[in-house]
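Chains as they are written, first to last, in my numbering: chain A, 2 to 205; chain B, 2 to 205.
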DNA sequence: TTTTTTAAGTTGCAAATGCAACAGCATATT
DNA sequence: AATATGCTGTTGCATTTGCAACTTAAAAAA
């Protein structure tokens, strides 16, 4: 595209590894379409879904902490993706001719990174809860806000959801059945419904 | 400073509230000097230290998820601070005269937000650990990397550290004494030392 | 100095969570 | 249809964690 930028576009199928954080590529990736997740595999086999990525979401070494080589950290394609790779230094190290489109690119990236910031902040919102119940509720509230409805479909199966809230699957399901019994949430496979969403909105 | 920007600079003393997320101000803050933390107070009294902020760190509604009005979310000054407030829209909505310094500002902000991204990502690294022990070790590893030494001073007292790793203080201390006994870590009040830091580095 | 306050550290007990193993159900494959 | 596979959901048991109450040590105030 631009002479001052090294750009590469690539497509991926579900299940493929889009980016491995093992070797520092110096690139940041922009997910143009599809769905992916940033996953960490622990040495003892624990999987953690660190981020879920959708269109216009960013990833890369410069944007994610990577604990050296002990753990395995990678971006995995969940639904067929197209990805744009940019060289991070090309963006930050202002180009010699200070071209107009360059500064435009930086502006756009600022917006995308701000949004990523917000997503990470939401992730922390979930993980900072002290119990599985609270984690689930925080997670469901966010999904409800995103869906703009008290009813929504989980983007996870139960195993993935457990890896996302960083808890044991069976413990999570046990807590979820209790919550169903107590009427805190309505669940039917991946369909979720929160009871008092409308009331909450109106109190704001 | 610039005609296209609304800027405000302010100073704070330790303990003062720098920014309350209750009312959306539309500003982002840049911590010029000092130390602060982004804190959430739960309805049932649980405190969570969501972020620790140092010089050049950013905060603001546009960069942090806020759960409406149920919880109390604010930036609290820990050590005397100076803070620069910018209007977020002024930055993102390109100014009419497309001035050079404006695009320069955006570039600088991009760098700061990237760094914030990394910090949030580190925060998630800690919180995504499954046990208190692993949380502590992840936290200590990060502090050791930051200090560029296996020995460092905690920026927290024990109560704050517990609020940072989102665990109970007594449970955390119990685990910490076990870790001391097992030789995983050396602790003397706020002084921490990890045993095998040098080895780890060399294996990379 | 003595007193007061604050933080560090400990412990028993109850509750929550992780682990492992399993049963039930749905979908895909042969 | 029969079989295999993968996901959902359940349960017993051991471990971890949270909670409350307490002791000890350090720092600050009198």
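Beta carbons are placed, not taken as given, at the ideal position from N, Cα and C, and that holds for glycine.
Only a predicted model underlies this, so the values are computations on that prediction, with no experimental measurement involved.
DSSP three-state assignment for residue i, whether helix, strand or coil
i              : result
residue 181(A) : helix
residue 175(A) : helix
residue 204(B) : The predicted model places residue 204(B) with a pLDDT of 42, which falls under 50 and marks its position as unreliable; any figure quoted below should be read in that light. Helix at residue 204(B).
residue 141(B) : helix
residue 93(A)  : helix
residue 199(B) : Note that residue 199(B) scores a pLDDT of 46, beneath 50, so its modelled location is shaky and nothing firm can be said.
residue 130(A) : coil
residue 191(A) : coil
residue 102(B) : helix
residue 2(B)   : Model confidence at residue 2(B) stands at a pLDDT of 45, short of 50, so the residue's coordinates are unreliable; what they give is reported in the following sentence. DSSP places residue 2(B) in coil when its eight states are reduced to three.
residue 186(B) : coil
residue 148(B) : helix
residue 67(B)  : coil
Beta-bridge pairing of residue i - partner residues as DSSP gives them
i             : result
residue 31(A) : 59(A) and 85(A)
residue 38(B) : 53(B) and 77(B)
residue 18(B) : 77(B)
Residue i: first and last residue of the uninterrupted beta strand (DSSP E) it sits in
i              : result
residue 22(B)  : From DSSP, residue 22(B) is part of no beta strand (DSSP E); its letter is neither H nor E.
residue 47(A)  : Note, residue 47(A): premise wrong, no beta strand (DSSP E); not H, not E.
residue 10(B)  : 8-13
residue 152(B) : 152-154
Residue i, enclosing alpha helix (DSSP H) - first and last residue
i              : result
residue 159(B) : 159-166
CB of residue i within 8 Å of CB of residue j, strictly
i              : j              : result
residue 77(A)  : residue 38(A)  : yes
residue 115(A) : residue 64(B)  : yes
residue 28(A)  : residue 117(B) : no
residue 75(B)  : residue 157(B) : no
residue 55(B)  : residue 32(B)  : yes
residue 161(A) : residue 92(A)  : no
residue 154(B) : residue 124(B) : no
residue 87(B)  : residue 122(A) : no
Three-pair Cβ contact test at 8 Å for the stretch 41-54 of chain A versus the stretch 2-18 of chain A: Segments in contact, no.
Stretch-stretch touch, CB-based, cutoff 8 Å, three pairs: the stretch 12-19 of chain B with the stretch 165-175 of chain A: Contact fails: fewer than three Cβ-Cβ distances are below 8 Å.
Within 8 Å, do at least three Cβ pairs link the stretch 106-113 of chain A to the stretch 106-122 of chain B? Yes: at least three Cβ pairs fall under 8 Å.
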